[in-house]
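Residue numbers (the working numbering): 19 to 531.
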Amino acid sequence: MSTKPEDIFKNIVSHCKEYGYIFQSSEIYDGLSAVYDYAQNGAELKKNIREYWWKAMVQLNENIVGIDAAIFMHPTTWKASGHVDAFNDPLIDNKDSKKRYRADVLIEDFVAKIEDKILKEIEKAAKRFENFDETVYRSTNARVIEYQTKINDINLRFKTALNDNNLNEIRQLIIDCEIVCPISGTKNWTDVRQFNLMFSTAIGSVSDEANTIYLRPETAQGIFVNYLNVQKTGRMKLPFGIAQTGKAFRNEIVARQFIFRMREFEQMEMQFFVKPGTEMQWYEHWKNNRLKWHLSLELGKHNYKFHDHIKLAHYANAACDIEFQFPFGFKELEGIHSRTDFDLKQHEQHSGKKLQFFDVEENRSYVPYVVETSVGLDRLFLSILSAAYKEEKLEGGDSRIVLSLPPALAPIKVAVFPLVKKDGLPELAEKIITELKYNFNVSYDEKDTVGKRYRRQDAIGTPFCVTVDHQSLQDNTVTVRNRDTMNQERMPISNLLAYFEEKVSLKSLLKQL
Ligand code: ATP
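Right under this line is the structure:
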């Protein structure tokens, strides 16, 4: 068993296919890049995560309601939001291989390679010297200092070029760093140009410009344009929130790392409308609230950290990411942004309609400020799956692969087995399934030895297995086996429903919030 993160990640990806979690989209036609299908177990896990988020946001908060806006929106929405003019990635082509790259990613990868060199130097030195002090080594070793200076120079030039939208300078940086195309090996680069990430299509039968509409690149705008409708019909008072889950589409150029970055993905967003001046207090509130939600999954506190944005978008007055330690490093999982009144004001301007709140206490109307929480459902899925995936060595030289998913999120909660396929045991197993299936997803398995059936359920992540044996026919008890501890206990059949209800229902997670 390899312990290298890149090998483990590869194993997770193949596990997802082998155990019915995720398939490549249209695989029989060799797939479609950065598009994936959720299979029988994946669809259940995804649905359970979505439901946990929805209940935590909408059901537990009296002042948050949920909506389900359409994917297609009036094209002016995206002009107002800034997406038509500024939702871009800088692209560069290699003239020899004809391959296209994100210029920023080429530079970031180049910097990452130098960082790797530093880490290798440190690793070597740590082995060589007793009482090795990394901080001292970093500040005194000539080679490390040289590498670090190079990184700092590149980062500074890159940041300045991005800020100034100076595409020539970005190209020059690629040339100065002598970055070559991984396919052709040459430095024969085109100019850098901006590429809009929105997918467009035409509505109706006439194909002129006026009919161009976009597939939404984020769900948030569906909330902003409905702000007044919801506020009025729901008689909502500030502060209040509107939550929504749904598909978003981005024509990502660098699509890699499995479902981490996809072209069609799902977001779970909540816009919290507040009185101007109180937004920082609510920003802190939602930062803590969302981290608590993630921690309730018990995937390990060390796997999460906040990353505060130093460079803020022009409309934001505070922003941070909750990052998760994926097998390929700490990366953004969720964004929490204080967006001021930018979006509602933009929509006021472009629609000519007032999107305000009448404050009875102050006897005046104003445009509310907004604090947003925005998490990718697919990234959340990947974070849960990668933390849950374990290759374990057992006593006696045996091994197993287990998905230690939070029980409330597992696709199948209980698997029921008859010890043998005769003597009335399958019938009793079916009877137990009938008692449980109105509350949970339950599955039946009678093939192979019980040991093999346990392994299959471990690999799917089923938290409990129930085995019906000959004793069950006499005293109505069964063996309940726990996925994580592998302990077995004997229990009356009549206790099963209440026992599982306590362990695997979403309530067990929601109560921690
Ligand atoms: P990144 O910097 O990784 O591209 P972003 O900052 O553009 O992400 P946001 O626009 O803030 O992301 O979107 C909110 C959330 O939506 C992200 O935190 C992420 O979980 C998810 N998300 C964004 N783009 C994708 C994608 N292409 N595939 C899967 N999830 C995504």
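For glycine and all other residues, C-beta sits at the position ideal for the given N, C-alpha and C.
| Query | Result |
| --- | --- |
| Would you report the Cα separation of methionine 288 and asparagine 29, rounded to the nearest angstrom? | 34 Å |
| Buried or exposed for asparagine 112, going by 16 or more other Cβ atoms inside 10 Å? | buried |
| In the DSSP assignment, what are the bridge partners of asparagine 214? | Asn106 |
| Report yes or no: do three or more beta-carbon pairs, one from the region 194-207 and one from the region 112-130, lie closer than 8 Å? | yes |
| By Cβ distance, which residues of its chain are closer than 8 Å to proline 481, with the 5 residues on each side in sequence left out? | Leu423, Pro425, Ala428, Lys431, Val432, Asn500, Arg501, Asp502, Lys521 and Val522 |
| Are the beta-carbon atoms belonging to asparagine 459 and glutamate 62 less than 8 Å from one another? | yes |
| State buried or exposed for threonine 452, treating a residue as buried only when at least 16 other CB atoms are found within 10 Å of its CB. | exposed |
| Does arginine 418 come out as helix, strand or coil in the three-state DSSP assignment? | strand |
| Assuming the contact rule is C-beta atoms closer than 8 Å, valine 389 and leucine 373 should be a hit. Round their C-beta distance to whole Å, please. | Going by Cβ atoms, the distance from valine 389 to leucine 373 rounds to 17 Å, so no, they are not a contact pair. |
| If distances are taken between C-alpha atoms only, which option among Arg474, Pro444 and Glu464 comes closest to leucine 491? | Pro444 |
| Grouping DSSP H, G and I as helix and E and B as strand, with all else coil, what is glutamate 112? | The displayed chain sequence assigns asparagine, not glutamate, to residue 112. Strand at asparagine 112. |
| Would you say the beta carbon of serine 392 is closer than 7 Å to some non-hydrogen atom of ligand 1? | yes |
| Quick check on DSSP: helix, strand or coil for leucine 351? | strand |
| Is the separation between the beta-carbon of valine 10 and that of valine 484 shorter than 8 Å? | In the structure as shown, the chain begins at 19 and stops at 531. Residue 10 is therefore absent and cannot be evaluated. |
| Assuming isoleucine 340 and leucine 330 form a contact by the criterion Cβ under 8 Å, report the distance between their Cβ atoms to the nearest whole angstrom. | Wrong, their Cβ atoms sit about 17 Å apart, outside the cutoff. |
| Which residue or residues does DSSP assign as beta-bridge partners of alanine 337? | His355 |
| Do leucine 351 and ligand 1 come close, with the Cβ less than 7 Å from some heavy atom? | yes |
| If you compare alpha carbons, which of Ile26, Cys338 and Leu398 is closest to leucine 315? | Leu398 |
| Ligand 1 and glutamate 270: does the residue's C-beta get closer than 7 Å to at least one heavy atom of that ligand? | yes |
| Measure the Cβ-Cβ separation of glutamate 409 and valine 53 and say whether it is below 8 Å. | no |
| Buried or exposed for leucine 403, going by 16 or more other Cβ atoms inside 10 Å? | buried |
| Between the beta-carbon of lysine 265 and the beta-carbon of glutamate 284, is there less than 8 Å? | yes |
| For cysteine 199, which of helix, strand or coil comes out of DSSP? | coil |
| Please classify glutamine 367: is it buried, with 16 or more other beta-carbons within 10 angstroms of its beta-carbon, or exposed? | exposed |
| Whole angstroms are fine: how far does the CA of valine 248 sit from the CA of phenylalanine 258? | 10 Å |
| Taking 7 Å as the cut-off, is the CB of methionine 298 close to at least one heavy atom of ligand 1? | no |
| Under the rule that 16 or more other beta-carbon atoms within 10 Å means buried, what is phenylalanine 150, buried or exposed? | exposed |
| Please report the Cβ distance between phenylalanine 376 and serine 383, rounded to the nearest whole angstrom; I am assuming they are in contact, meaning their Cβ atoms lie under 8 Å. | 5 Å |
| What residue from Lys168, Arg156, Ile260 and Met91 has the CA that sits closest to threonine 219's CA? | Met91 |
| Quick check on histidine 325: does DSSP put it in helix, strand or coil? | strand |
| Look at the Cβ atom of valine 129, then the Cβ atom of isoleucine 172, and state whether they are nearer than 8 Å. | yes |
| Could you check whether the Cβ of arginine 279 sits closer than 7 Å to any heavy atom belonging to ligand 1? | yes |
| Compute the beta-carbon to beta-carbon distance between isoleucine 419 and histidine 33, rounded to the nearest angstrom, for a pair I have assumed lies under 8 Å. | 7 Å |
| From the DSSP output, which residues share a beta bridge with glutamate 410? | Arg418 |
| In this structure, does DSSP put threonine 265 in helix, strand or coil? | The question names threonine, but residue 265 is lysine in the sequence shown. Lysine 265: strand per DSSP, three-state reduction. |
| I'd like to know whether the C-beta atoms of phenylalanine 213 and leucine 233 end up nearer to each other than 8 Å. | no |
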